[in-house]
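Numbering (my numbering), first residue to last: 4 to 145.
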């Protein structure tokens, strides 16, 4: 059935036209509210991640991520916020600040060196591996 036929038949049934108009008027506000809610959720998530990113970028963790070659944006969006918070706490409570500073300052030491004294060594290693795999997938010519 063509749409023009359907409209012609609907005009002959005023109840159907009224039902369609009322249905549209009920759905439109709900759809609008849903879209606004999604936009607000995305904006609040962006603000939260942005604030978390500022906290990370002013921490020892950021220096370690940079030294290990982990991209901050990849890190922020690939990790659950609870894990990031835990890693920030790990750095704050570090008992080996001198050893960490020594590693961060010594550019001759490779970025893939295992740091058994670091509580964040394993998570950073896993993040770095995932980042490298993703890079290879996106750049197959390399």
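We treat Cβ as the ideally placed atom computed from N, Cα and C, and that holds for glycine.
The model shown is predicted, which means the values in this text are computed figures rather than measured ones.
**Asked** Should the stretch 71 to 80 be called in touch with the stretch 32 to 43, which here means at least 3 C-beta pairs below 8 Å?
**Response** no
**Prompt:** Using DSSP with H/G/I as helix, E/B as strand and the rest coil, what is residue 107?
**Reply:** The residue given as residue 107 occupies position 104 in the chain shown. Three-state DSSP puts residue 107 in a helix.
**Message:** Would residue 73 and residue 130 be called neighbours here (beta carbons separated by less than 8 Å)?
**Reply:** The residue given as residue 73 occupies position 70 in the chain shown. The residue given as residue 130 occupies position 127 in the chain shown. Their beta carbons are under 8 Å apart, which means residue 73 touches residue 130 by this criterion.
**Burial state of residue 95 (16 or more Cβ within 10 Å)** = In the chain shown, residue 95 corresponds to position 92, counting from 1. With fewer than 16 Cβ atoms within 10 Å of its Cβ, residue 95 is classed as exposed.
**Message:** Applying the 10 Å Cβ sphere with the 16-neighbour rule, what's the burial state of residue 70?
**Reply:** Here the question's residue 70 lines up with position 67 in the chain shown. Its Cβ being crowded by 16 or more others within 10 Å, residue 70 is buried.
**Item:** Limits of the alpha helix (DSSP H) - the one that residue 90 falls within
**Value:** As a working note, residue 90 is residue 87 in the chain shown. Element bounds for residue 90: 84 to 95.
**Request:** Go ahead and pull the three-state DSSP assignment for residue 141.
**Result:** Here residue 141 is taken as the residue at index 138 of the chain shown, counted from 1. Looking at residue 141 - three-state DSSP - the assignment turns out to be helix.
**Request:** Pick out whichever of 57, 122, 86 and 112 has its Cα sitting closest to the Cα of residue 98.
**Result:** As a working mapping, residue 98 is identified with position 95 in the chain shown. Residue 98 has its Cα closest to that of 122, out of 57, 122, 86 and 112.
**Prompt:** Taking the runs of the alpha helix (DSSP H) that are 4 residues or longer, which of them lie wholly in the stretch 25 to 85?
**Reply:** 63 to 71 and 75 to 81
**Item:** Beta carbon of residue 67 nearer than 8 Å to that of residue 30
**Value:** By one-based count along the chain shown, residue 67 stands at place 64. By one-based count along the chain shown, residue 30 stands at place 27. Their beta carbons are not under 8 Å apart, which means residue 67 does not touch residue 30 by this criterion.
**Request:** Please classify residue 125: does DSSP put it in a helix, a strand, or coil?
**Result:** The count along the chain shown starts at 1 and reaches residue 125 at position 122. Here residue 125 sits in helix by DSSP.
**Message:** I want to check one thing, is the minimum distance from the CB of residue 38 to the heavy atoms of the ligand FAD below 7 Å?
**Reply:** Absence of the ligand FAD from the depicted structure is noted, as is the absence of any ligand whatsoever, leaving it without description.
**Request:** Please say whether residue 55 and residue 87 have beta carbons closer to each other than 8 Å?
**Result:** Indexing the chain shown from 1 puts residue 87 at position 84. Indexing the chain shown from 1 puts residue 55 at position 52. Contact flag set, yes.
**Prompt:** For residue 120, which of 65, 132, 108 and 104 has the nearest alpha-carbon?
**Reply:** Sequence index remark: in the chain shown, residue 120 carries index 117 (1-based). Of 65, 132, 108 and 104, the residue nearest in Cα terms is 104.
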